[in-house]
Amino acid sequence: MTKRRTIIKGLASVLPATALSASRPSDAQETTIGSGRDYFRELGLKPFINAAGAYSAYGGARMRPEVVSAMRYAATHKVKIRDLHDATGTRIASLVGSEAAMVTSGATAAIVLGTAACMTKGNESKMQQLPNTEGMPYKVIIQKKHRYTYDRALTVPGAKLVEVETEEDVRNAVNKKTAMMFFLKPTQEGDNISSARYRHLAKELGVPTFCDAATTTPPATNVIDGVNEGFDLICYSGGKGLRGPYSAGLLLGRRDLINYARRQGAPNDLSIGRGMKISAEEYLGMLVALETGLQISDADEIAWKQTRFNNIITAISGLAGVTVKTFVSAGHAKELYLD
Ligand SMILES: *Cc1c(COP(=O)(O)O)cnc(C)c1O
């Protein structure tokens, strides 16, 4: 906790003064920007109010107004994509205290690129032969309880999953063919091996670790805590609790591995990740989502959500037969998150 506060205080020296003093535009203000055309209705689509959560099938979270502004800016100003990738990576790393950082086209892409990085370690010919894994480590250790739908992404560069349950399993499984040890958080079923033990083992065995923490925000400060935990790589989804672009995400961690991961992705034409392209709007939108999220205190964020709940309560509580109660759903105990 103390560590986190110290880092947040330190942000003042990193962020431009304008960013810190800018007041938050309201969502209502933001929706008035536009051409006045109702594009979805023109297409015959039925709009809905998302009261379920930042699910991918529902288009993720509503972007922060600051993010929308940044994306509009990026849409009308040109810089070289590699320069933008460098600059946003450097800024994000300093915001969260990681050695290096890169914007990805979502957490899934971060998993693909991070795994490929651990398999090829920047060797150009190995990078180009993926998903053929001949002559390189290709096994990824994963706890049985951490198997989930997105682990498909680990296999995209050609990796094979090796399931473990105990620390002894890990020791028996790790050999020259091991590329990475994967960790998921949070899990519904818990861990057989804790995050701390898992990282300790990995260090002892000389294997890089990767953590999927895609959904562990809000608050955005959890990204700082996640980095502090000390995985070699950790990823986040940009379009969920961070309220950034739906198709963006973050890969954070060791400088060498981030450099390798970058070489596996766009705009490098021969890379396995060439299709996981990121637009200037997304680079900038992702940075501003993180920057804005880190400036907002947990209390302010909860108060903002409470205002929205109150609007709903006011609108429906007069209806005959309706009783209104607010509660925090299981799994979101730390958060009141409605978007
Ligand atoms: C949503 C999710 C992802 C994928 O995130 P994208 O940014 O949509 O690629 C990965 N891991 C977990 C745990 C998720 O919930």
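The numbering of the sequence shown is the working numbering, which starts it at 9 and goes up by one. Heads up, the beta-carbon is just placed ideally off N, CA and C, and yes, glycines get one too.
By the neighbour-count criterion, in which a residue is buried when 16 or more other Cβ atoms sit within 10 angstroms of its Cβ, Pro139 is exposed.
Assigned with DSSP and collapsed to three states, Gln136 falls in helix. Distance from the C-beta of Ser202 to the nearest heavy atom of ligand 1 is not below 7 Å. The DSSP-derived three-state label of Glu289 is helix. Shown here, Lys168 sits in a strand according to DSSP, grouped into three states. Taking the Cβ atoms as the reference, Met135 lies roughly 7 Å from Arg271, within the contact range of under 8 Å. Nearest in C-alpha terms to Ala187, of all of Pro145, Val164, Thr195, is Pro145. Counting of Cβ neighbours within 10 angstroms places Arg72 among the buried residues, the total reaching 16 or more. Assignment of Asp46 by DSSP, reduced to helix, strand and coil, places it in the coil class. By the Cβ rule, the region 169-184 does not count as touching the region 124-134, because fewer than three pairs are nearer than 8 Å. Look at Leu209 here: in three-state DSSP terms it is helix. Lys88 is classed as exposed because its beta carbon has fewer than 16 other beta carbons within 10 Å across all chains shown.
In this structure, the CA atom of Val296 is about 24 Å from the CA atom of Leu265.
Pairing Pro226 with Gly301 gives a Cβ-Cβ distance under 8 Å.
Secondary structure at Ala274: coil, using DSSP grouped into helix, strand and coil.
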